[in-house]
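In my numbering, the protein residues as written are 1395 to 1735. All residues carry an ideal CB built from backbone N, CA and C; glycine is no exception. Okay, so here's the structure we're looking at.
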Ligand code: NAP
């Protein structure tokens, strides 16, 4: 590929799209030209980039002429419909949606885990589910050292994982309650304030992320096992996950209990995690130091802590991993993939 690339962002006005622009800026990506694409609603909007402004264009099937890399972040149906036009025009697509993740001929990549898989791409490379990517940042180095067999995990997922409208919903609900000057035991808002999620998200925890499957798990919950197997090249990996949406604006946290094939100690795990790329070890509970959503928000690195011997597994560890899902779970990971190209 040529040195200075023509990059398009599809979904540039969205929560992830905006972070993609910031990430390209921050990492000094070798950019020849940037094209911003979104729906007709946003056409003509000007977004700040590198001290100037770039105008948003309406996404059409003709948008990809001359594009080298197209970063897609506008939902699965847009990816399904428009990625073929991008690849036909000669672009490599890095897709944030779940549209192609499990396709056999589409590499699913976390650069710190399986960056080499981009080599086999046939024009589309998929970015993993955000909760999975953040969890693997800690689980993969442990797997390399001790061989993970299965995990039980619960996620605490930020509203920005749902996109710009969900951010606005939590903001509005919180302001509405504060404005009313009601007391702490009177926080339920009227149904007119609930649009994006099935229930009020402010002051609540929703054990419901994505749609339910016949098994009782949600689609989001099964991504950890299915995508984890593909990314780690570990077909027997098992994961039982409960995904929970919490009233946090930015950054997902995941409580993980993992079982390993080999014996594992806390000291050995700390040693492994302390030198893992893209991961900070924040683990001194006596000093109240552990990963916090507020601390990882806006940061490229994920953080791991609360590492302890799991009391229910023989070769088990429990830990808490947090990361900015707009970055490592989406924009940063996508730009890292583009850098590998
Ligand atoms: P979002 O904030 O709702 O943004 C959606 C983007 O898609 C906007 O730019 C929107 O443009 C554009 N769009 C919608 N309909 C379109 C159409 N018909 N034609 C062209 N563009 C259209 O959503 P998001 O959170 O950024 O997520 C985007 C994608 O990334 C989703 O597939 C999501 O699953 C995935 N993802 C998100 C996260 C996360 O943390 N948010 C993490 C991993 C993956 P307008 O402004 O013009 O409507």
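- Message: Do residue 1650 and residue 1713 count as a contact pair if the criterion is CB distance below 8 Å?
- Response: yes
Counting C-beta neighbours from all protein chains within 10 Å, is the total for residue 1680 16 or more, i.e. buried, or is it exposed? exposed
For this session: Using alpha carbons as the reference points, say which of 1648, 1582, 1591, 1542 lies closest to residue 1658.
Result: 1542
- request: Let me know the secondary structure DSSP gives residue 1652 once reduced to three states.
  value: strand
### Query
Looking only at C-alpha atoms, which of 1532, 1507, 1575 sits nearest to residue 1521?
1507
Q. Would the beta-carbon of residue 1696 be found less than 7 Å away from any heavy atom of the ligand NAP?
A. no
- Query: Where in the stretch 1575-1643 do unbroken runs of the alpha helix (DSSP H), each at least 4 residues long, occur, reported from the N-terminal end onward?
  - Reply: 1613-1626
Handout entry: Whole-angstrom distance between residue 1528 and residue 1711, CA atom to CA atom
Key = 17 Å
Worksheet entry | Terminal residues of the beta strand (DSSP E) in which residue 1446 lies | 1446-1452
- Task: Sort 1456, 1596, 1458, 1415 by Cα distance to residue 1446 and report the nearest one.
- Result: 1415
*asked:* Contact defined as beta carbons within less than 8 Å: I believe residue 1695 pairs with residue 1673. What is the distance between those atoms, to the nearest angstrom?
replied: 6 Å
Practice item. Put residue 1511 into one of helix, strand or coil per three-state DSSP. Key: helix
Give a yes or no on whether the C-beta atoms belonging to residue 1618 and residue 1547 are separated by under 8 Å. yes
query: Between the beta-carbon of residue 1532 and the beta-carbon of residue 1698, is there less than 8 Å?
result: yes
Self-check item: Segment limits, alpha helix (DSSP H) that includes residue 1471
Solution: 1470-1482
*So which of 1578, 1534, 1519, 1604 has the shortest CA-CA distance to residue 1555?*
1604
* Asked: Taking DSSP as the reference, what is the three-state secondary structure of residue 1688?
  -> helix
Residue range of the unbroken alpha helix (DSSP H) whose run includes residue 1524:
1524-1540
Inset, instruction - Inspect the beta-carbon positions of residue 1576 and residue 1594 and report whether they are closer than 8 Å. - result: no
Check: Are there 16 or more other CB atoms within 10 angstroms of the CB of residue 1624, so buried, or fewer, so exposed?
Finding: buried
Worksheet item: Does the beta carbon of residue 1622 fall short of 7 Å from some heavy atom of the ligand NAP?
Response: no
ask   = Taking Cβ to Cβ, would you say residue 1399 is nearer than 8 Å to residue 1426?
value = yes
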